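Single-structure report; data block below.
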Amino acid sequence: MSQVTLKINDREVVAATGMSVLQAARQADIFIPTLCHHDRLEAYGGCRLCIVEVESRGRINHVVSCTYPVEQGLTVRTRTETVDRIRRVLVEELMAHAPDSPELKTLAEEYGADRNRFGKEPIFCVMCGLCVRYCAEIKGEHAVGFIENGPRREISFVPERAAKVCWDCQECFTVCPTSYAQAAYLLARGLAFPDAPGGAGPAK
Amino acid sequence: MCEQAVAAIIENHRGQPEALIHVLTAIQHELRWLPREVLARVAEALGVPLSQALQIASFYKVFSLTPKGRHEVHVCTGMTCHLCGGDRLLAKVEEATGLKPGETDAAGRFTLERGSCLGSCSIGPELIVDGRHHGRMTPEQVEVVLAQYP
Amino acid sequence: MPKFNTAAELEQYCAHLLAARDPARPCIAVCAGAACDGLDSAAVAQAFTDEIARQNLAGRLDLRVTGCHGFCEKGPNVIAGPQDICYFEVTPGDVPEIIRATLAGEVYEAKIYRDPETREKIAPMSEIPYYKHQVRLLIGDNPRLDPLKIDDYLAVGGYAALVKALTTMTPDDVLAEVKRADLRGRGGGGFPAGAKWETTKNAPEKTKYVIANGHEGESAAFMDRAMLTGNPHKVIEGLIIGAYAIGAHQGFIYTRHDAPRLVEHVKAALAQAEAYGFLGENILGSGFDFKVELHFDVGIFVSGESSALMRSIEGNAPEPRPKYIRTSVSGIWDKPSNLNNVETWANVPQIIARGAEWFAGIGSEKSKGTKLVSLSGHIVNSGIVEVPMGTTLRTLIFAIGGGVRDGKALKAVHFGGAMGGSLPVEYIDARLDFDEMSALGAPIGAGGLLVMNEDTDMVDIARYLMDFLVRESCGKCVPCREGMFQMLKILTGIAEGRGRKFDLERLAELAEVTSLGSLCALGKTSAAPVKSMLQYFRDEYTARIDAGSQTP
Chain A
1 MSQVTLKIND REVVAATGMS VLQAARQADI FIPTLCHHDR LEAYGGCRLC
51 IVEVESRGRI NHVVSCTYPV EQGLTVRTRT ETVDRIRRVL VEELMAHAPD
101 SPELKTLAEE YGADRNRFGK EPIFCVMCGL CVRYCAEIKG EHAVGFIENG
151 PRREISFVPE RAAKVCWDCQ ECFTVCPTSY AQAAYLLARG LAFPDAPGGA
201 GPAK
Chain B
1001 MCEQAVAAII ENHRGQPEAL IHVLTAIQHE LRWLPREVLA RVAEALGVPL
1051 SQALQIASFY KVFSLTPKGR HEVHVCTGMT CHLCGGDRLL AKVEEATGLK
1101 PGETDAAGRF TLERGSCLGS CSIGPELIVD GRHHGRMTPE QVEVVLAQYP
Chain C
2001 MPKFNTAAEL EQYCAHLLAA RDPARPCIAV CAGAACDGLD SAAVAQAFTD
2051 EIARQNLAGR LDLRVTGCHG FCEKGPNVIA GPQDICYFEV TPGDVPEIIR
2101 ATLAGEVYEA KIYRDPETRE KIAPMSEIPY YKHQVRLLIG DNPRLDPLKI
2151 DDYLAVGGYA ALVKALTTMT PDDVLAEVKR ADLRGRGGGG FPAGAKWETT
2201 KNAPEKTKYV IANGHEGESA AFMDRAMLTG NPHKVIEGLI IGAYAIGAHQ
2251 GFIYTRHDAP RLVEHVKAAL AQAEAYGFLG ENILGSGFDF KVELHFDVGI
2301 FVSGESSALM RSIEGNAPEP RPKYIRTSVS GIWDKPSNLN NVETWANVPQ
2351 IIARGAEWFA GIGSEKSKGT KLVSLSGHIV NSGIVEVPMG TTLRTLIFAI
2401 GGGVRDGKAL KAVHFGGAMG GSLPVEYIDA RLDFDEMSAL GAPIGAGGLL
2451 VMNEDTDMVD IARYLMDFLV RESCGKCVPC REGMFQMLKI LTGIAEGRGR
2501 KFDLERLAEL AEVTSLGSLC ALGKTSAAPV KSMLQYFRDE YTARIDAGSQ
2551 TP
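From first to last, the protein sequence lines are chains A, B and C.
The numbering of the first sequence is the working numbering, which starts it at 1 and goes up by one.
The numbering of the second sequence is the working numbering, which starts it at 1001 and goes up by one.
The numbering of the third sequence is the working numbering, which starts it at 2001 and goes up by one.
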């Protein structure tokens, strides 16, 4: 496999062609924050926290590192004033929904985000899609999916599938950054399939 | 009749996951909504996860997961209509029907929707009932127009 | 229906077709465009049909139901040939008189144009101010043809460019011609079409696709519908020529599900083009194969975003792709896919037929050709106009559009729909030019021009547009989903008198993050209206916030 050399924060980094900037950075122990990235899943580009500044042939752009491919001679800056500002606002936006997520709290500290910048509307989910994608890509079960669009978008366990396959899996709970996946599952089970294995049984 | 048509639509696309949107559109046309058990049949026949069928059915405005009324009332909320009094028109239609956009009345007569711009901007604000355009509408004309749709 | 195996067969057929048509024979063209249709032009057309039958005029008077003529404000429109006498606001009751006058070579004065100022009556199309300042290269054929009849299109020179391309030019020649014409995409970006074609053409993957985007999700833009409904073959001809240049054998037309006449016309046109041998295998004996599939939107704006649109054609949820690879290299099913909008494709036949130099001779320095613009809002003459690029907003709004309705003053001109910008009246002499308008913060987008009078509330406009976009977002990425949601909350607060001092700063920051961070074109441009408001109407926002904070 051919290799390219790029520069991340003034460090020369060698990476394999086809790698993303995020992968190249992690391989070189350079930290870039993410919420929706998982090594075993296809890059998603949803949370946008891994945004970085890239310079290629004299042109400067902001791109998300999880989907941006490495290229020879690329210069990457993982912390600039603009990059930090974007990350701060993204964290502030998400904290309106999940103010107590430990991952968001850590990020808030790093980027100086104010958890009260925007009015609270807790829905606890940050829509990273890890549960949906984990279930589809790793397990091949599609027991949880997205429904609706825009700000109404939410994750939803599909009772027809979930009743059969979730009781002895629940691996998605471990990838969820807010514990919302577990809550959504318990709610769906309580309402739609209490009799399924591992369920609470019929309502008394 | 409807059931046969739906079955035919599904059978014609068995094993064709890429036809999902086509199939759902055709069924929506036929039944004017997408019952969950039909979604499950479509998913099974085409070979797509039910979660994907649900995502698409809830994502696109064309699809309805609840039955619609006999008459579909769209109040255009495009830019020109908005500028020319679309808000007042919508408020009047809401008052006349007792519905908010997205709702269907208990008698199943009307479903009210915010309509996207249909390009008849020159005759806005517009009320579109069952595809028929009623242009240059004033709030005063609303009751008269709706009365044409029993 | 004849199927033409060679260009010579087609040329022979066209010669017969033209010989059988008498250009001097009186002809009535009834507009069935979107506005006229909404004003019940169907009843007018029916009255003509009945009256022609009653008076037994077949053979002496032709009747044509056509696509949009352009002057939508005054529909139902009727144009009487051969002199092109325009009749406006026609009712079925006017029909006998229009027929009588047309056959007698006279004018039925009650329904012709009357200048609102001079009270002068004007009958011929070429002298009516609304039409006089236009250069109607694309839409001009609309009154001359029945969109359901391919022979009508052949009679105005249709498919001659396809013949020329297939028989006298190599694909490279065609590409070179389009590049020299400097045709820029009409869908919004103004990206050079030739360069885009070349990217797809040169992409290593062998299977390639071409797509005509006729979705026209931009609110208050209605020219693409008029073009595609009124003259579908022109778009199809452009698409075939483009496919030939690029080396694509499969094309897609992506359009609206909610325009029944549009759907009917495009379906019929595709079937006829195939029957005549303009689509299918070995087109006109050239060895070139090409077919076209029709796809429909399912009612959400984000599917106008090119990668989301392509996902939709694949049958997937219309989420944009997260990849940094252009769809012209990796689009539908990861194959190179060249997407242009309807108006861009419609320009292709004339570039081939009349040459790049001719085309590049029209327009401004860097924006060539004409542009279709839909005029609406607080304007006297709403409708679809076609003017050379470089025409000033003043000409568009006053000379053509007749100025602001109800004697009010002009406050702002808005371009580009929900992702466009509003310019204050001071910029009335700005020119319709991709770069000039972008630099001002009101990119022309697809060409929907909205006129706003002195009473327009600019806070309400931004709030309304953000409300629209929030509903259209797919919701996948944080800056678009959350950023727009927060901007909407702030704008609603200001509009309702709950604005706070730091709101404008929060808006500016959200606008920046949404445009830099979003995944697709919808999010990246969603903050454009807010940015233009903060640039040009900041005082109005500040005043509203101050006024709001004073109320107890």
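For each residue, glycine too, the CB sits at the ideal point set by N, CA and C.
Just so we're clear, the structure is a prediction, and the values are computed from it rather than from any experiment.
Cβ-based neighbour list, residue i, same chain, cut-off 6 Å, excluding 5 preceding and 5 following
i	result
G18(A)	none
R1032(B)	K1068
P2424(C)	A2412, Y2536
I2122(C)	Y2113, I2128
C2036(C)	G2075, P2076, N2077
Cβ shell of residue i (< 7 Å), same chain only, five flanking positions each side left out
i	result
R48(A)	V64, L90
R2025(C)	D2062
G2093(C)	none
A2268(C)	L2148
D2460(C)	A2495
Q2083(C)	P2124
Own chain residues within Cβ distance below 8 Å of residue i, not counting five before or after
i	result
E2293(C)	Q2250, G2251, F2252, I2253
L2504(C)	L2534, R2538, Y2541, T2542, I2545
G2403(C)	I2379, V2380, I2397, L2410
Exposure of residue i, with buried meaning 16 or more beta-carbon neighbours within 10 Å
i	result
L191(A)	exposed
R2471(C)	buried
S2126(C)	exposed
A2248(C)	buried
S2(A)	exposed
T2370(C)	buried
P2388(C)	buried
Q170(A)	exposed
H1029(B)	exposed
P2204(C)	exposed
L2166(C)	buried
E1011(B)	exposed
C66(A)	buried
Straight-line Cα distance separating residue j from residue i
i	j	result
R2544(C)	I2211(C)	46 Å
H1133(B)	H1071(B)	13 Å
E1103(B)	E53(A)	46 Å
T2327(C)	L2449(C)	29 Å
L1090(B)	R1041(B)	37 Å
P2192(C)	D2182(C)	7 Å
K2408(C)	N2453(C)	6 Å
L41(A)	A136(A)	10 Å
G112(A)	P2260(C)	54 Å
S2303(C)	V2095(C)	The predicted position of S2303(C) is uncertain, since its pLDDT is 49 and thus under 50; a value taken from the coordinates is nonetheless stated next. Each residue's Cα considered, the two are about 43 Å apart.
M2419(C)	G2523(C)	9 Å
L1118(B)	R2405(C)	22 Å
G2105(C)	N2056(C)	18 Å
K120(A)	E92(A)	10 Å
G2445(C)	L2339(C)	16 Å
Q1096(B)	C1084(B)	Note on residue identity: the sequence assigns Ala, not Gln, to residue 1096(B). Their Cα atoms are separated by approximately 20 Å.
Segment limits, beta strand (DSSP E) that includes residue i
i	result
K2234(C)	Run containing K2234(C): none in the beta strand (DSSP E); it sits in the alpha helix (DSSP H), 2232 to 2246.
E2222(C)	Correcting the residue identity first, residue 2222(C) is Phe in this sequence and not Glu. Run containing F2222(C): none; DSSP gives neither H nor E here.
D1973(C)	As shown, chain C starts at 2001 and ends at 2552. That puts residue 1973(C) outside it, with no answer to give.
M2452(C)	2448 to 2453
Range covered by the alpha helix (DSSP H) that runs through residue i
i	result
C131(A)	130 to 133
L1046(B)	1036 to 1046
S2307(C)	2306 to 2313
- Report the residues of the stretch 87 to 111 of chain A with a CB closer than 7 Å to any CB of chain C, ordered along the chain. V89, L90, E93, L94
- Going along the stretch 14 to 27 of chain A in order, which residues come within less than 7 Å of chain C, judged by CB to CB distance? none
- Query: What are the residues of the stretch 1040 to 1051 of chain B that lie near chain A, defined by any Cβ-Cβ distance shorter than 7 Å?
  - Reply: A1040, P1049, L1050, S1051
- Item | Residues, ordered as in the chain, of the stretch 43 to 54 of chain A that lie near chain C by beta-carbon distance below 7 Å | Listed by position, the residues of the stretch 43 to 54 of chain A near chain C (Cβ gap below 7 Å) are A43, Y44, G45, G46, C47, R48, I51.
- In the stretch 1066 to 1094 of chain B, which residues sit with their C-beta less than 7 Å from some C-beta in chain C, listed in chain order? Hits within the stretch, in order: G1078, M1079, T1080, H1082, L1083.
- Task: Residues of the stretch 151 to 163 of chain A with a CB closer than 8 Å to any CB of chain B: list them in chain order, please.
- Result: Residues are counted here when their Cβ sits less than 8 Å from a Cβ of chain B; for the stretch 151 to 163 of chain A these are S156, V158, E160, R161, given in chain order.
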